[in-house]
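Input: a single structure, listed below in structure tokens.
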Amino acid sequence: MSRTLAEVIISRVSGRDVRAGDLVIVPISRVMVHDSVIDAVIGGLRELGRERVWDTSKVCVFVDHAAPAPTPVVADSHRVLREWVREQQIPTFYDAGEGVCHQIMVEEGYCEPGTVIVGSDSHSNSYGAVGAFGAGMGATDVAVALALGRTWLRVPESIKVDFTGRLRRGITMKDAIMRVVREIGTDGARYACVEFHGVGDLPQGDRITLAGMTTEMGAKAGIVVGTPESPAWLRPDPDARYLREVTIDLETLEPQIAVPPRVDQVVDISAAIGQPVDIVFLGSCTNGRLVDMQQAARVLRGRRIAPHVRLEVVPSSRRQYDLAMQDGTMQILSAAGAVIGSSGCGPCLGRTGGVLAAQEICLSTANRNYKGRMGSPDASIYIGSPYVAAVAALTGVIDDPRPYLEATDDEFDALVARRRGERPERGAASSRSGDRSRELVMASARSGPAAEIDD
Amino acid sequence: MPRAWVFGDDLDTDQMVPGRYAPFMVGQDKFHTYAFCDARPGFAKEVRPGDIMVGGENFGCGSSREYAVAALKKLGVGAVVAKSFARIFFRNCINLGIPAIESADAVEIVRDGDDVTLDVAAGVLRAPRGAAAVRPMAPFAQEILSAGGVVAYLRAHGDFPRV
Numbered sequence: 001m002s003r004t005l006a007e008v009i010i011s012r013v014s015g016r017d018v019r020a021g022d023l024v025i026v027p028i029s030r031v032m033v034h035d036s037v038i039d040a041v042i043g044g045l046r047e048l049g050r051e052r053v054w055d056t057s058k059v060c061v062f063v064d065h066a067a068p069a070p071t072p073v074v075a076d077s078h079r080v081l082r083e084w085v086r087e088q089q090i091p092t093f094y095d096a097g098e099g100v101c102h103q104i105m106v107e108e109g110y111c112e113p114g115t116v117i118v119g120s121d122s123h124s125n126s127y128g129a130v131g132a133f134g135a136g137m138g139a140t141d142v143a144v145a146l147a148l149g150r151t152w153l154r155v156p157e158s159i160k161v162d163f164t165g166r167l168r169r170g171i172t173m174k175d176a177i178m179r180v181v182r183e184i185g186t187d188g189a190r191y192a193c194v195e196f197h198g199v200g201d202l203p204q205g206d207r208i209t210l211a212g213m214t215t216e217m218g219a220k221a222g223i224v225v226g227t228p229e230s231p232a233w234l235r236p237d238p239d240a241r242y243l244r245e246v247t248i249d250l251e252t253l254e255p256q257i258a259v260p261p262r263v264d265q266v267v268d269i270s271a272a273i274g275q276p277v278d279i280v281f282l283g284s285c286t287n288g289r290l291v292d293m294q295q296a297a298r299v300l301r302g303r304r305i306a307p308h309v310r311l312e313v314v315p316s317s318r319r320q321y322d323l324a325m326q327d328g329t330m331q332i333l334s335a336a337g338a339v340i341g342s343s344g345c346g347p348c349l350g351r352t353g354g355v356l357a358a359q360e361i362c363l364s365t366a367n368r369n370y371k372g373r374m375g376s377p378d379a380s381i382y383i384g385s386p387y388v389a390a391v392a393a394l395t396g397v398i399d400d401p402r403p404y405l406e407a408t409d410d411e412f413d414a415l416v417a418r419r420r421g422e423r424p425e426r427g428a429a430s431s432r433s434g435d436r437s438r439e440l441v442m443a444s445a446r447s448g449p450a451a452e453i454d455d
Numbered sequence: 456m457p458r459a460w461v462f463g464d465d466l467d468t469d470q471m472v473p474g475r476y477a478p479f480m481v482g483q484d485k486f487h488t489y490a491f492c493d494a495r496p497g498f499a500k501e502v503r504p505g506d507i508m509v510g511g512e513n514f515g516c517g518s519s520r521e522y523a524v525a526a527l528k529k530l531g532v533g534a535v536v537a538k539s540f541a542r543i544f545f546r547n548c549i550n551l552g553i554p555a556i557e558s559a560d561a562v563e564i565v566r567d568g569d570d571v572t573l574d575v576a577a578g579v580l581r582a583p584r585g586a587a588a589v590r591p592m593a594p595f596a597q598e599i600l601s602a603g604g605v606v607a608y609l610r611a612h613g614d615f616p617r618v
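Now the structure itself:
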């Protein structure tokens, strides 16, 4: 039949055999709505003349994007949202502090594999972590989905990403997906579905990291093949046709760093070593889970972060927060000097919980480093893995985390002392001192593809 | 005559309206006044109804925020002509009734500040230095646009256009 996973799913839900390029109207198994678009969604429903959503049991509502409310205007919008949820009698509602919509959607089982889910957030691609076709849409599309229980889609072409080998110590699937973004670019998967092969048996969190970041390549959806949640029929045909095939060897993967202000300006960490940072953000739907906090805690256990550096930790959900409390991870991070935020999006999108000042340089584990994303348009955001984040918090600079994970206590202390000693003076008066993003952008442009590519 | 506002590749929605100026941060009546406040100061004050935005590849990438398009709509932007569009931005334009039209050469031919005329029926964007061919839009999108957006379409017809 030579169908990709996207073609398999959309054929099944639309009840006809469709191929890439076909325009279809499909039923939706779930609609996800979050706080920052609720006014437009409610407005859209009202304009449509629909008083009620089509099926309250298929709607999930979250307060996470600016939560808890940072200003009276936001607080008022949250109030409107709560009233609407009550009035509509929507049973699935997660208020401020419960976590990021995408994490909860996946870990609490709201994403049915093999179905189409519409979300009001661009990272709704995350639902591909369990084999669902999750597509982010704007508020009016979401209002229409809420009213009709259907949406229109053009069946996407697909790009196959095959991972081979096993990750080495200190390297994560965050590095792997950044390597993929480096290869494909911010628009290389535009309108397409990215299909991940060879990683179906990874922990669910790693699969969310992969699927969610397909948004950064312009993808309509990102789906992991062969997950434990997927029924047997949910797989692409062996002779499926792809727009492009990319193979990434995990065995030889280096830690990756995205250089501001583009997510696809990615370099091996060796090019960025010594880059000073002022603030480190560990969190988001990409990297705010227990395992991410554990990786940071492995580096920070029994130590304090560098002077003049701040560390913000924001768990991606209450479940992940509780797990990190139970196993002592949170205690380690707090003792190291971290600010612990309530579960949610945190400062990822620059609205609440420790936003960036002008000239500040951040190392973030999230997924976007656009100008102004986390606060001031004159701040810079580097993106990396939780291990890289922890080392940056500890030393005040970007460094390869692997030597720290292998070192004896004495060697570890020497590494930290050396990096701290080398860190250039920074402060409010040092206009942009030490930001190497310009130079690194050149480096990323020069470094050709290092992975094996089947085009 | 409409003026052209020319942008480059990969213009993201954070540049159009930064997250900190979302409607629910500053109010429904103000967010559009912050359009391009960092990336193109003065845009929100100077843009006139009917003006045309011209861009390169992947126009409107990034966040799904519809208020980026809503801001352009409120400011009266007549159409967006770009080499290619990010998918959510494209949907948002159609849904809110702003034509989002592909053109391979508009961004090369049109200069910022040019007086331009868009003739969708003839498939051209005319500028002082020449005419750029624009791609016809899919009938499905055209039907929604001619109704003034998806809400108006659904109110009138009760369902999506036929596929």
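Top line first, the protein sequences correspond to chains C and H. Start counting the first sequence at 1; every next residue gets the next number (our numbering). Start counting the second sequence at 456; every next residue gets the next number (our numbering). The beta carbon of each residue, even a glycine, is placed where N, CA and C say it ideally should be.
So residue i contacts chain C; which residues on that side make the cut at Cβ distance below 9 angstroms?
{"i": "Met480(H)", "result": "Ser36, Ala66, Pro70, Thr71, Val73, Val74, Ser77, Arg351"}
Compare the C-alpha of residue i against each of the options and name the closest.
{"i": "Val540(C)", "options": "Met374(C), Asp435(C), Asp409(C), Ser376(C)", "result": "Not covered by the structure: residue 540(C). The range shown for chain C is 1 to 455."}
{"i": "Val73(C)", "options": "Val472(H), Ala477(H), Phe462(H)", "result": "Ala477(H)"}
{"i": "Leu311(C)", "options": "Cys362(C), Thr286(C), Leu202(C), Arg301(C)", "result": "Cys362(C)"}
{"i": "Val225(C)", "options": "Ala129(C), Arg438(C), Arg79(C), Val33(C)", "result": "Ala129(C)"}
{"i": "Val309(C)", "options": "Pro276(C), Pro315(C), Ser284(C), Thr227(C)", "result": "Pro276(C)"}
{"i": "Arg621(H)", "options": "Arg262(C), Arg154(C), Phe196(C), Gln295(C)", "result": "In the structure as shown, chain H begins at 456 and stops at 618. Residue 621(H) is therefore absent and cannot be evaluated."}
{"i": "Leu5(C)", "options": "Leu146(C), Leu81(C), Ala232(C), Ala389(C)", "result": "Ala232(C)"}
{"i": "Met456(H)", "options": "Ile556(H), Val532(H), Gly515(H), Ala555(H)", "result": "Val532(H)"}
{"i": "Ser519(H)", "options": "Leu167(C), Arg426(C), His34(C), Ile28(C)", "result": "His34(C)"}
{"i": "Thr227(C)", "options": "Gln204(C), Ala221(C), Gly212(C), Glu245(C)", "result": "Gln204(C)"}
{"i": "Glu425(C)", "options": "Asp278(C), Ile159(C), Gly302(C), Trp54(C)", "result": "Asp278(C)"}
Quick one: what's got a C-beta closer than 7 angstroms to residue i's C-beta in the same chain, skipping five residues either side?
{"i": "Ala219(C)", "result": "Asn125, Ala189, Ala192, Cys193, Val194"}
{"i": "Asp327(C)", "result": "none"}
{"i": "Asp264(C)", "result": "Val181, Arg182, Gly185, Thr186"}
{"i": "Phe595(H)", "result": "Pro616, Val618"}
{"i": "Glu7(C)", "result": "Val18, Arg19, Ala20, Val155"}
{"i": "Thr488(H)", "result": "Ala499"}
{"i": "Ile553(H)", "result": "Val524, Leu527, Lys528, Val532, Ala534, Val535"}
{"i": "Gly15(C)", "result": "none"}
In its own chain, which residues sit with a C-beta less than 8 angstroms from the C-beta of residue i, not counting the 5 before and 5 after it?
{"i": "Arg3(C)", "result": "Ser11, Arg19, Pro236, Asp237, Ala240"}
{"i": "Glu598(H)", "result": "Tyr608, Pro616"}
Which whole-angstrom value describes the C-beta separation of residue i and residue j, a residue pair presumed to lie in contact below a C-beta threshold of 8 angstroms?
{"i": "Phe544(H)", "j": "Val524(H)", "result": "7 angstroms"}
{"i": "Ser342(C)", "j": "Ala139(C)", "result": "Not really, about 25 angstroms apart at Cβ, beyond 8 angstroms."}
{"i": "Val502(H)", "j": "Arg566(H)", "result": "The Cβ separation is near 16 angstroms, so there is no contact."}
{"i": "Ile104(C)", "j": "Cys111(C)", "result": "Not quite, the Cβ-Cβ distance comes to about 10 angstroms (not below 8 angstroms), so this is no contact."}
{"i": "Leu527(H)", "j": "Ala490(H)", "result": "7 angstroms"}
{"i": "Leu23(C)", "j": "Trp152(C)", "result": "7 angstroms"}
{"i": "Leu282(C)", "j": "Ala176(C)", "result": "In fact, because the Cβ distance is near 18 angstroms, the residues do not count as touching under 8 angstroms."}
{"i": "Pro583(H)", "j": "Asp574(H)", "result": "15 angstroms between Cβ atoms; not a contact."}
Anything in chain C within Cβ reach of residue i, meaning under 8 angstroms, just list it in chain order.
{"i": "Arg610(H)", "result": "Glu47, Leu48, Gly49"}
{"i": "Arg546(H)", "result": "Met137, Gly138, Asp141"}
Residue i versus chain H: which residues are under 8 angstroms apart at the beta carbon?
{"i": "Ile152(C)", "result": "According to the sequence provided, residue 152(C) is Trp. The question's Ile does not apply to it. What Trp152(C) touches in chain H: Phe595, Phe615, Val618."}
{"i": "Met105(C)", "result": "Per Cβ cutoff of 8 angstroms: no residues; Met105(C) is ~15 angstroms from chain H at best."}
Cβ of residue i less than 8 angstroms from any chain B Cβ?
{"i": "Leu551(H)", "result": "Checking the listed chains, one finds no chain B in this structure; the protein chains it contains are C and H."}
If you drop the 5 nearest sequence neighbours on each side, which residues of the same chain put their C-beta closer than 6 angstroms to that of residue i?
{"i": "Glu157(C)", "result": "Ala20, Ala192, Leu243"}
{"i": "Val37(C)", "result": "Ser120, Ala139"}
{"i": "Glu452(C)", "result": "Any reading at Glu452(C) must be qualified, since the residue scores a pLDDT of 26, below 50, and its modelled position is unreliable; the value itself is stated next. The answer, listed in chain order, is Thr247."}
{"i": "Lys58(C)", "result": "Arg30"}
{"i": "Arg495(H)", "result": "none"}
{"i": "Tyr387(C)", "result": "Gly170, Gln295, Pro401"}
{"i": "Gly353(C)", "result": "Gly341, Gly346, Pro347"}
Per DSSP, which one or two residues make a beta bridge with residue i?
{"i": "His34(C)", "result": "Phe62(C)"}
{"i": "Asp95(C)", "result": "Partner(s): none; Asp95(C) has no beta bridge."}
{"i": "Cys362(C)", "result": "Ile279(C), Ile381(C)"}
{"i": "Ser343(C)", "result": "Gly97(C), Glu98(C)"}
{"i": "Lys248(C)", "result": "According to the sequence shown, residue 248(C) is Ile rather than Lys. According to DSSP, Ile248(C) bridges with Phe163(C)."}
{"i": "Ala135(C)", "result": "Val118(C)"}
{"i": "Gly585(H)", "result": "Ala582(H)"}
{"i": "Val263(C)", "result": "Beta-bridge pairing links Val263(C) to no other residue."}
{"i": "Arg310(C)", "result": "Ile279(C)"}
{"i": "His487(H)", "result": "DSSP lists no partner for His487(H)."}
{"i": "Ile257(C)", "result": "Val267(C)"}
If the cut is a Cβ gap below 7 angstroms, which residues of chain H does residue i touch?
{"i": "Asp39(C)", "result": "Pro478, Phe479, Gln483"}
{"i": "Gly136(C)", "result": "Ser519, Ile543"}
What does residue i reach in chain H if we use C-beta pairs closer than 9 angstroms?
{"i": "Asp187(C)", "result": "Asp464, Asp465, Glu512, Asn513, Cys516, Ser539, Ala541"}
{"i": "Val144(C)", "result": "Asn550, Val605, Val606, Leu609, Phe615"}
Interface residues of chain C around residue i at Cβ under 7 angstroms?
{"i": "Ser558(H)", "result": "By Cβ distance, chain C contributes nothing, its closest Cβ being about 16 angstroms from Ser558(H), past 7 angstroms."}
{"i": "Arg475(H)", "result": "Gly350, Arg351"}
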